[in-house]
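So the structure is just underneath, and the comments pick up after that.
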Amino acid sequence: MNELHFKQLDEKLFHEKMNNGLEVYILPKKGFSKTFVTFTTKYGAIDSTFVPPGESEEVTVPDGIAHFLEHKMFEKKDGDVFQTFSGFGASSNAFTSFTRTAYLFSATDHLYENTETLLNFVQEPYFTQATVEKEKGIIGQEITMYDDQPDWRLYFGTIENLYKDHPVKIDIAGTIESIDEITAEHLYTCYETFYHPSNMLLFVVGAVNPDEMMTYIRENQNKKEFAEPQPIKRSFPHEPIEVAIKENKLYMDVQKPKVYVGLKAKETSLQGETMMKQEMAIQLALELIFGRSSDFYVEAYEQGWIDESYAFDFTLEKGFGFAIIGSDTSKPKELIEGVKKELKKVEEKWPFGQVDLDRVRKKKIGYFLRALNSVEFIANQFTRYTFNEMNLFDAVPVLEQMTVADLQQAFTSIQGEEQQTVFSVLPKKDQEIS
Amino acid sequence: MFQSIKLQQGIHLHIRPTDQFKTVNFAFKFKQALTNRSASERSVLANVLLHSNELYPSNPAFRSHLDELYGTIMYLDSSKKGSDHYITLLAESVNDHYLSTDGVLDQVLNLLQTVLFQPNFEQGKFKESIVKREKDSVTQRIESLYDDKTRYAQHRLIELMRPNHPASIGVNGTISDVSAITKESLFEAYDKMLKEDDLNIYVVGDVDVKEMTSKIKQAFPFISRDIKQKVPHQNIQHPTVEENYVNEFQDMKQGKLHIGYETPVTFSHPDFPKMQIANGIFGGYPHAKLFLNVREKESMAYYVSSSFSSAYGLVFVLAGIDASKQEKAVRLIDEQLDLMKKGEISQNEIDQTVAMLKNQIKEALDSARGQIEIFDQYKDLDEKFSVENLVRNWSSITKDDIQDMARSINKQIVYLLSGKEEQ
Numbered sequence: 001m002n003e004l005h006f007k008q009l010d011e012k013l014f015h016e017k018m019n020n021g022l023e024v025y026i027l028p029k030k031g032f033s034k035t036f037v038t039f040t041t042k043y044g045a046i047d048s049t050f051v052p053p054g055e056s057e058e059v060t061v062p063d064g065i066a067h068f069l070e071h072k073m074f075e076k077k078d079g080d081v082f083q084t085f086s087g088f089g090a091s092s093n094a095f096t097s098f099t100r101t102a103y104l105f106s107a108t109d110h111l112y113e114n115t116e117t118l119l120n121f122v123q124e125p126y127f128t129q130a131t132v133e134k135e136k137g138i139i140g141q142e143i144t145m146y147d148d149q150p151d152w153r154l155y156f157g158t159i160e161n162l163y164k165d166h167p168v169k170i171d172i173a174g175t176i177e178s179i180d181e182i183t184a185e186h187l188y189t190c191y192e193t194f195y196h197p198s199n200m201l202l203f204v205v206g207a208v209n210p211d212e213m214m215t216y217i218r219e220n221q222n223k224k225e226f227a228e229p230q231p232i233k234r235s236f237p238h239e240p241i242e243v244a245i246k247e248n249k250l251y252m253d254v255q256k257p258k259v260y261v262g263l264k265a266k267e268t269s270l271q272g273e274t275m276m277k278q279e280m281a282i283q284l285a286l287e288l289i290f291g292r293s294s295d296f297y298v299e300a301y302e303q304g305w306i307d308e309s310y311a312f313d314f315t316l317e318k319g320f321g322f323a324i325i326g327s328d329t330s331k332p333k334e335l336i337e338g339v340k341k342e343l344k345k346v347e348e349k350w351p352f353g354q355v356d357l358d359r360v361r362k363k364k365i366g367y368f369l370r371a372l373n374s375v376e377f378i379a380n381q382f383t384r385y386t387f388n389e390m391n392l393f394d395a396v397p398v399l400e401q402m403t404v405a406d407l408q409q410a411f412t413s414i415q416g417e418e419q420q421t422v423f424s425v426l427p428k429k430d431q432e433i434s
Numbered sequence: 001m002f003q004s005i006k007l008q009q010g011i012h013l014h015i016r017p018t019d020q021f022k023t024v025n026f027a028f029k030f031k032q033a034l035t036n037r038s039a040s041e042r043s044v045l046a047n048v049l050l051h052s053n054e055l056y057p058s059n060p061a062f063r064s065h066l067d068e069l070y071g072t073i074m075y076l077d078s079s080k081k082g083s084d085h086y087i088t089l090l091a092e093s094v095n096d097h098y099l100s101t102d103g104v105l106d107q108v109l110n111l112l113q114t115v116l117f118q119p120n121f122e123q124g125k126f127k128e129s130i131v132k133r134e135k136d137s138v139t140q141r142i143e144s145l146y147d148d149k150t151r152y153a154q155h156r157l158i159e160l161m162r163p164n165h166p167a168s169i170g171v172n173g174t175i176s177d178v179s180a181i182t183k184e185s186l187f188e189a190y191d192k193m194l195k196e197d198d199l200n201i202y203v204v205g206d207v208d209v210k211e212m213t214s215k216i217k218q219a220f221p222f223i224s225r226d227i228k229q230k231v232p233h234q235n236i237q238h239p240t241v242e243e244n245y246v247n248e249f250q251d252m253k254q255g256k257l258h259i260g261y262e263t264p265v266t267f268s269h270p271d272f273p274k275m276q277i278a279n280g281i282f283g284g285y286p287h288a289k290l291f292l293n294v295r296e297k298e299s300m301a302y303y304v305s306s307s308f309s310s311a312y313g314l315v316f317v318l319a320g321i322d323a324s325k326q327e328k329a330v331r332l333i334d335e336q337l338d339l340m341k342k343g344e345i346s347q348n349e350i351d352q353t354v355a356m357l358k359n360q361i362k363e364a365l366d367s368a369r370g371q372i373e374i375f376d377q378y379k380d381l382d383e384k385f386s387v388e389n390l391v392r393n394w395s396s397i398t399k400d401d402i403q404d405m406a407r408s409i410n411k412q413i414v415y416l417l418s419g420k421e422e423q
């Protein structure tokens, strides 16, 4: 077992790679009574074309299958895994993102029983055609629920505008039609490809004794047999730099228009520390340009272009990346023009210096230290960083080394006019008038 | 948990020294009676105080200063509990211990003092332009409820069940009450908040109790006030519900089924812990009857759950369904409650629910905000509040107790919000 000490943060992280390839990390937190455990596979909604183990031909599976598989993992021959967790007082859950599927529980008691339940249910697939069919009703309602959420439609509408071919443009849950094609056999194919321990990470954080826990996990894993790990061959289409659609809109039963300006990233091939630097530099630059202390924010707020829903964000993964800036707004045209004008201004002459950087850097360091109070944040972010060959606990040192030139350079990744798109959700009543 | 000190009549300080967190949390909870008018005024007031102040007269200047304090979080929050309205001033700041500089904490205390006592005044009144902008902001917040279909449906259900009652008063008041606010009326609300509100101040973090108490006393010289003692969360008389089935329409795909029940049990009622268990078994958790039978067995919903609003003695069931299957969904939900009324409750269901409740409260106490909220809720009811006492109460509850609770739950109204095509 390796031990890493982050002195400045007053945290100790324990790590071991199991014989079957599973990466295990344990972070004890003093004073906490709960333990949070996540078991994550590097497999998400974008992994729809791949070569199954032992085969040579590429397959493409129906949209929404990673999420469907996540649902079906909870059902076993003798019942529902939620029941087992409830019996030990644990809350369990799971989520599927573009790049990951995570299973998790949090508990203040029966740590080893709950850990065993987690490890075993994720490592023992059980699918039948009957249970697959039954799940289609439940997931159908989940998809319908998201269909009625204007903010979700706004977010996905923007991504659909940004991407021409990359599967990030496909809704994580798929569609009623695409999930209807899913069979038990599909689920086994995906499971066998992506749920090998060598493609997974277990993170334990909170009230835990690292030595005992590591021994326990080692014993659990050594009892099980797995195939030899094989490299996973995933395949993604070539994606051009320019956006697929410049502007699009959707009419819904909402009171007020909602607008996002989306910016597609050019640089999406980085991993490790250079990726972390790139990601943070763009986030800091966005904070300077669009944050609550910026000239843009002052104007937008005073002019009534934005309200309390105003937000901006940058997402970066291997193969795709984008920024979004937007708000509910009674002045959608003015807001869109304002954002574009601000971007152009920054492109023509970079207006920020050392004092600005120091300020947003302090803000970001504070955010990071606050977030270390949250075991959920630590587990989720640590896993995401590790899958991209970075270490969450390098965040503060990377921030401390950042220069103004780094921000300016990184920002060019989302800067071109051809990389901009606009998506709006508009009130139905406006459609009826026009 | 907390060490409590009475600073003045009506003003209490509660400090919890702990090295569990990398931050120090402050909360100032101002409490006053809830009405549409008070909720409206106080929501705008919270926004105006957070916009700027005498030392940082523009919003970006104020925000920049918070950035400089290592991104200290500071905001004012409007909320309600029972028949009370709360304005909470919250701050969370990184503990100096983790920073290369000292004195951040003292600066945060100074800033809290500035926000409360030195607003951005013009000739002794709030600035017209800021008041107008923040009135717009709160109005938009109230309007945005319409776009969130689940929240909107729940709001409509309570309006139908408890009109003109604290349960249905929005935390931000009403659009007409917000529009009636003037800079003069807002000043009155501000003055009243500082002089008359019941105030509890909380500090959680790696701090010295003595030193912090003297700093707070010095920085916040609040005057004493008379707080009328009342029974906590007393249930108010309400008119009877006239309609049992209400169907409303918007342009949407899913049917939002919300069912409202009443029960005489409230937070201060001796049966409160029993009702928590009963709600847990009915629909509070993934092992509950609703989840297992409506979602898992019948595949009718992605979400279906029940919740117990202990402040008002109400129980709600929420489900997202195919609107054409309303009748079947309601029948299945009725069946689950009927089973409980007949006593079909297993020991396993009880044990699972106790384990979940226990886990939930212990988990909530792992955050500073959780510690503050839970202590604030229980302090009037039980001076010796502890998780062990709660668990002891839950553990002694029997099947018969839960059956009694189920029998006390009376269905009042079924509300469905669904797409226009079903009309």
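Residue numbers (UniProt numbering), protein chains in the order written: chain A, 1 to 434; chain B, 1 to 423.
Where is the CB? At the ideal position from N, CA and C, for every residue including glycine.
Because the structure is a prediction, the values reported are computed rather than measured.
Can you name the start and end residues of the alpha helix (DSSP H) that residue 139/A belongs to? Where residue 139/A is concerned, the enclosing alpha helix (DSSP H) stretches over 129–147.
Chain B contacts made by the stretch 151–184 of chain A, where a contact means CB separation under 7 Å: none
For residue 264/B, count neighbouring C-beta atoms within 10 Å of its own C-beta (all shown protein chains included) and say buried if the count is 16 or more, exposed if not. exposed
Check whether chain A comes within 8 Å of residue 5/B, counting only Cβ atoms and requiring the distance to be less than that. no
If you compare alpha carbons, which of 417/A, 230/A, 291/A, 207/A is closest to residue 195/A? Minimum Cα distance to residue 195/A is reached at 230/A.
Write down every uninterrupted run of the alpha helix (DSSP H) in the stretch 281–334 of chain A whose length is 4 residues or greater and which is fully enclosed by it, in chain order. The stretch 281–334 of chain A contains these whole alpha helix (DSSP H) runs: 295–302.
Going by CA-CA distance only, name the one from 14/A, 9/A, 6/A, 421/A that's closest to residue 213/A. 14/A
Does DSSP put residue 431/A in a helix, in a strand, or in coil? Helix.
Can you give me, in chain order, the residues of the stretch 359–371 of chain A that have a beta carbon less than 8 Å from any beta carbon in chain B? Within the stretch 359–371 of chain A, the residues whose Cβ lies closer than 8 Å to some Cβ of chain B are 359, 360, 362, 363, 364, 365, 366, 367, 369, 370, listed in chain order.
Using a Cβ-Cβ cutoff of less than 6 Å, which residues in the same chain neighbour residue 399/B once the five nearest sequence positions on both sides are dropped? 345
Among 10/A, 31/A, 11/A, which one has its Cα closest to the Cα of residue 20/B? 31/A
Give me the Cα-Cα distance between residue 221/A and residue 264/A, rounded to the nearest whole angstrom. 42 Å
Residue 145/A versus chain B: which residues are under 8 Å apart at the beta carbon? 254, 302, 303, 320
At 4 residues or longer, and completely inside the stretch 171–221 of chain A: list those alpha helix (DSSP H) runs for me, N to C. 176–180, 184–194
Label residue 241/A either buried or exposed according to how many other C-beta atoms from any shown protein chain fall within 10 Å of its C-beta, with 16 as the threshold for buried. exposed
Would you report the Cα separation of residue 325/A and residue 167/B, rounded to the nearest angstrom? 36 Å
Let's test the definition: count the other Cβ atoms within 10 Å of the Cβ of residue 14/B and tell me whether it reaches 16, buried, or not, exposed. buried
Check whether residue 336/B and residue 289/B have beta carbons under 8 Å apart: yes
In this structure, does DSSP put residue 14/B in helix, strand or coil? strand
If you run the structure through DSSP and keep just helix, strand and coil, what is residue 98/A? coil
Beta carbon proximity, residue 108/A to chain B, threshold 8 Å: yes
Go through the stretch 24–82 of chain B residue by residue and report every complete run of the alpha helix (DSSP H) that reaches 4 residues or more, in order. 36–51, 59–68
Reduced DSSP secondary structure (H/G/I, E/B, other) of residue 381/B: coil
Beta bridge counterpart(s) of residue 361/B as assigned by DSSP: According to DSSP, residue 361/B bridges with nothing at all.
Ignore the nearest five residues each way along the sequence and tell me which others in residue 75/A's own chain have a CB closer than 6 Å to its CB. Excluding residues within five positions, the ones whose Cβ falls inside 6 Å are 131.
Looking at residue 357/B: is its Cβ nearer than 8 Å to the Cβ of residue 283/B? Judged by their CB atoms, residue 357/B and residue 283/B are not nearer to each other than the 8 Å cut-off.
So, with DSSP's three-state summary, where would you put residue 166/B? helix
Identify, in the order they occur along the chain, each residue of the same chain with its Cβ nearer than 7 Å to the Cβ of residue 294/A, setting aside the five sequence neighbours on each side. 288
Distance, residue 136/A Cα to residue 46/A Cα: 20 Å
Chain-ordered residues of the stretch 21–32 of chain B with a beta carbon less than 8 Å from chain A: 21, 22, 23
Any beta-carbon of chain B closer than 8 Å to the one on residue 90/A? Yes, residue 90/A counts as interfacial toward chain B.
Chain A beta carbons: is any one of them nearer than 8 Å to that of residue 16/B? no
Residue 62/B and residue 125/B - do their beta-carbons sit closer together than 8 Å? Note that the C-beta distance between residue 125/B and residue 62/B is not below 8 Å.
Using the C-alpha atoms, what's the distance from residue 44/A back to residue 189/A? 14 Å
Please decide whether residue 149/B counts as near chain A, where near means a Cβ-Cβ distance under 8 Å. yes
Could you have a look at residue 306/B and say whether DSSP puts it in helix, strand or coil? strand
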